[in-house]
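The structure appears right after this line, and notes come after that.
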Amino acid sequence: MKEKTLIIGLLENSKEKNTFELLKKMFIDLGYSKYPITQFNNFFILNKDGSSILLIDIKSKTLNPILDLGFEFDIIIHTSLNDAGYENKKLRELVARSKYLIINSDEEKWTDLLNDNITTIVITYGFNNKATINLSSFNKQDIVEANICVQREIETIDKAIVEPFELPIKIDTKEKVNIYSILSIIACGLLIDINLTNINVSAIYNH
105 MKEKTLIIGL LENSKEKNTF ELLKKMFIDL GYSKYPITQF NNFFILNKDG SSILLIDIKS
165 KTLNPILDLG FEFDIIIHTS LNDAGYENKK LRELVARSKY LIINSDEEKW TDLLNDNITT
225 IVITYGFNNK ATINLSSFNK QDIVEANICV QREIETIDKA IVEPFELPIK IDTKEKVNIY
285 SILSIIACGL LIDINLTNIN VSAIYNH
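Have a look at this one:
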């Protein structure tokens with residue numbers, strides 16, 4: 105990733121903030137320094153070698169301030185929402201402002217986040233075989249093993265082209281593994297030109 109400031113937002117209906125925490129740990133594991141902005145642990149600045157990332161956990165209580173400040177996200181990552189989230193017009197407005205949307209297409213109502221005239225680049229992920237990024241195999245025992253498949257060409261933030269490929273991963277951890285969170289942070293890594301061989305998923309879980 106070239107020196108710049110990126111804004112990345114998370115949409116997930118989870119009190120544990122699984123994806124938000126994993127993404128934060130991924131950047132720390134890659135050598136980024138972390139600086140919290142608010143006391144609520146939902147806004148962070150991550151910095152490395154002159155490049156900065158503003159990481160925001162988007163919740164209903166922060167949606168209006170985010171819109172009022174005019175934030176335009178480079179990437180919004182969606183894992184899951186409740187019905188109220190999918191029906192929120194302001195949330196759809198925020199999504200429509202973003203450059204990229206990484207979205208869980210296994211969610212029944214995922215298309216409700218998309219406006220008819222949306223120009224955002226949509227990257228889908230999930231178990232279904234139509235997703236941009238899916239799983240060609242998945243084994244969950246003592247060690248989680250998965251084969252992640254990028255099925256279509258992807259253009260990154262820096263205009264590089266990622267050709268279709270497969271990535272085998274192993275996750276050796278006692279923590280509960282959410283494979284959707286893994287897929288979404290790998291998709292994010294791809295979009296910002298991170299070498300995926302540098303992403304140690306086991307280390308992120310055990311950080």
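Taken in order, the sequence shown gives residues 105 to 311; the numbers are from the working numbering. For glycine and all other residues, C-beta sits at the position ideal for the given N, C-alpha and C. No experiment lies behind these values; they were computed from the predicted model shown.
| query | result |
| --- | --- |
| For residue 286 and residue 306, which I take to be in contact (beta-carbon distance under 8 Å), what is that distance rounded to the nearest angstrom? | With a Cβ gap of about 11 Å, residue 286 and residue 306 do not count as contacting. |
| Name the two residues that bound the continuous alpha helix (DSSP H) containing residue 128. | 122–133 |
| Looking at the structure shown, is residue 139 part of a helix, part of a strand, or coil, going by DSSP? | strand |
| Going by the CB atoms, is the gap between residue 163 and residue 179 shorter than 8 Å? | no |
| Assuming contact is defined by CB atoms lying nearer than 8 Å, are residue 112 and residue 181 in contact in what I supplied? | yes |
| Tell me, please, which residues DSSP counts as bridged to residue 303. | In the DSSP output, where bridge partners are listed per residue, residue 303 has none listed. |
| Whose C-alpha, out of 128, 123, 244 and 256, is nearest the C-alpha of residue 233? | 256 |
| Whose C-beta lies closer than 7 Å to the C-beta of residue 211 among residues of the same chain, with five residues either side of it excluded? | 184 |
| Rounded to whole angstroms, how far is the Cβ of residue 158 from the Cβ of residue 109, which I believe are closer than 8 Å? | 7 Å |
| Among the residues of its own chain, which have a CB less than 8 Å from the CB of residue 191, if the five just before and after it don't count? | 216 |
| Use the C-beta contact count for residue 270: other C-beta atoms within 10 angstroms, 16 or more gives buried, fewer gives exposed. | exposed |
| Along the chain, where does the alpha helix (DSSP H) that runs through residue 250 open and close? | Careful: residue 250 lies outside any alpha helix (DSSP H), inside the beta strand (DSSP E) at 248–254. |
| Checking 8 Å against the spacing of the C-beta atoms, do residue 258 and residue 223 come in under that value? | no |
| Go to residue 113, then tell me how far its beta strand (DSSP E) extends in each direction, as first and last residue. | 109–116 |
| For residue 272 and residue 199, I'd like the C-alpha separation in whole angstroms. | 31 Å |
| What do you reckon, are the CB atoms on residue 261 and residue 220 nearer than 8 Å? | no |
| CB residue 136 to CB residue 152, shorter than 8 Å? | yes |
| Helix, strand or coil, according to DSSP, for residue 195 in the structure here? | helix |
| Starting from residue 293, follow the beta strand (DSSP E) in both directions and report where the run begins and ends. | Looking at the DSSP string, residue 293 is not in any beta strand (DSSP E); the run it does join, the alpha helix (DSSP H), is 283–295. |
| Within the same chain, show all residues whose beta-carbon is closer than 8 Å to that of residue 186, passing over the 5 residues directly before and after it, in chain order. | 117 |
| Return the CA-CA distance between residue 293 and residue 299, expressed in angstroms with no decimal places. | 8 Å |
| Under three-state DSSP, which class holds residue 217? | helix |
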